[in-house]
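Have a look at the structure below, then the notes.
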Amino acid sequence: MAWLHSRTWKRVFFTLFLTGMVWQLAGCDNNKEPEQRKAFIQFLQTRILPSKTLSVPTLTAQEKESFGKYADDYAILSDYSNEMTAAFSGNDQAMRQMRGVSSAKDMVEKRETIEKSRKELGNIETKRADTMKSVEDRYSKLKQPEDLKTVFDQAYQKTVVRPNALLTQTLSLTDAILGQALDIGNYLNSLGNKVQYTGAMAQFTDQKQLDLFNEKLTAMREKQQELLAVARQLAEMQ
1 MAWLHSRTWK
11 RVFFTLFLTG
21 MVWQLAGCDN
31 NKEPEQRKAF
41 IQFLQTRILP
51 SKTLSVPTLT
61 AQEKESFGKY
71 ADDYAILSDY
81 SNEMTAAFSG
91 NDQAMRQMRG
101 VSSAKDMVEK
111 RETIEKSRKE
121 LGNIETKRAD
131 TMKSVEDRYS
141 KLKQPEDLKT
151 VFDQAYQKTV
161 VRPNALLTQT
171 LSLTDAILGQ
181 ALDIGNYLNS
191 LGNKVQYTGA
201 MAQFTDQKQL
211 DLFNEKLTAM
221 REKQQELLAV
231 ARQLAEMQ
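Sequential numbering from 1 applies to the sequence shown in UniProt numbering.
Right, here's the structure in full:
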């Protein structure tokens with residue numbers, strides 16, 4: 001039995017002992033799981049599901065501790081909200097300038113601003129798609145007790161799925177509208193001095209040119225109405 005006293009085996013048993021202690025500690029921590037799950041469910045039911053806003057609150061250090069491992073599950077909800085907020089914050093310079101595009105003449109003179117706005121929208125859409133893919137992947141790998149899963153699924157639908165669907169529609173419709181505005185601007189620019197501008201109005205001497213302009217303008221206004229309908233849905237969630 002002298003081999004038990006060798007340094008090698010002492011290290012082996014010491015390693016096994018530490019491993020056993022880690023399991024023991026993990027076992028002790030797991031005893032808190034029902035309490036942590038209960039606290040997390042209560043948080044979702046009182047702070048997330050009844051809320052009328054799209055914002056997802058940041059957890060305090062105390063809340064993270066009380067939720068234990070479920071704080072990582074909550075991060076799925078908060079990460080989507082935070083990533084989308086950051087995407088808009090970094091891609092809104094030209095879109096803010098779009099508020100000054102309110103007339104036919106503006107669509108001619110500010111075509112560069114419109115093009116930049118579409119590029120910013122493209123950046124946001126790319127970020128949205130990447131973020132949603134990551135969130136969906138993490139969500140699909142969750143293994144939660146049934147009582148938590150029922151509540152968490154509702155929170156996921158409310159804070160991720162529905163906002164993402166509305167955001168996707170908003171980005172698509174806004175891009176279409178900007179594309180139509182750019183098309184109108186290019187069309188008017190191609191006419192040169194054949195069209196005159198009075199305030200927000202464009203005046204034509206050729207009826208066919210006027211008809212085509214009105215056709216393009218009507219199509220853009222129809223898209224704007226669709227966007228307003230989505231905006232109303234978003235407003236209900238703010």
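The beta carbon of each residue, even a glycine, is placed where N, CA and C say it ideally should be.
- Leu227 is a Cβ neighbour of Ile177, given a cutoff of 8 Å.
- Taking Met98 as the centre and dropping the five residues before and after it, the same chain places the C-beta of Ser117 closer than 6 Å to its C-beta, in chain order.
- DSSP places Thr198 inside the beta strand (DSSP E), whose first and last residues are 195 to 198.
- Using a Cβ-Cβ distance cut-off of 8 Å, the stretch 191 to 204 and the stretch 137 to 149 are not in contact, since fewer than three pairs of beta carbons, one from each stretch, lie closer than that value.
- When only Cα atoms are considered, Thr218 and Asp211 end up about 10 Å apart.
- By the Cβ rule, the stretch 31 to 48 does not count as touching the stretch 94 to 114, because fewer than three pairs are nearer than 8 Å.
- In this structure Met132 is buried. Its beta-carbon is surrounded by 16 or more other beta-carbon atoms within 10 angstroms.
- Annotated three-state conformation of Gln144 is coil, per DSSP.
- A residue is called buried once 16 or more other Cβ atoms fall within 10 Å of its Cβ, and Ala200, having fewer, is exposed.
- Comparing alpha carbon positions, the residue from Gly179, Lys216, Arg232, Ala229 closest to Arg111 is Gly179.
- Taking a C-beta distance under 8 Å as the contact criterion, Leu171 and Ile124 qualify as a contact pair.
- For Gln225, the closest alpha carbon among the candidates Ala75, Glu65, Gln169 is that of Gln169.
- For the set Tyr156, Ser55, Thr126, the Cα lying nearest the Cα of Ser140 is the one of Tyr156.
- Around the Cβ of Asn91, a 10 Å sphere holds 16 or more other Cβ atoms; the residue is buried.
- Around the Cβ of Gln36, a 10 Å sphere holds 16 or more other Cβ atoms; the residue is buried.
- Listed in chain order, the non-local C-beta contacts of Lys32 below 7 Å within the same chain comprise Gly68, local neighbours out to five positions each way being set aside.
- Residues of the same chain with a CB within less than 6 Å of the CB of Ala87, apart from the 5 flanking positions on each side, are Ile124, Lys127 in chain order.
- Secondary structure in the stretch 187 to 236: the beta strand (DSSP E) runs of 3 residues or longer, each lying completely within the stretch, are 195 to 198, 201 to 204 in chain order.
- No Cβ-Cβ contact shorter than 8 Å links Ala202 with Leu182.
- Here the C-alpha atom of Leu59 lies approximately 33 Å from the C-alpha atom of Thr174.
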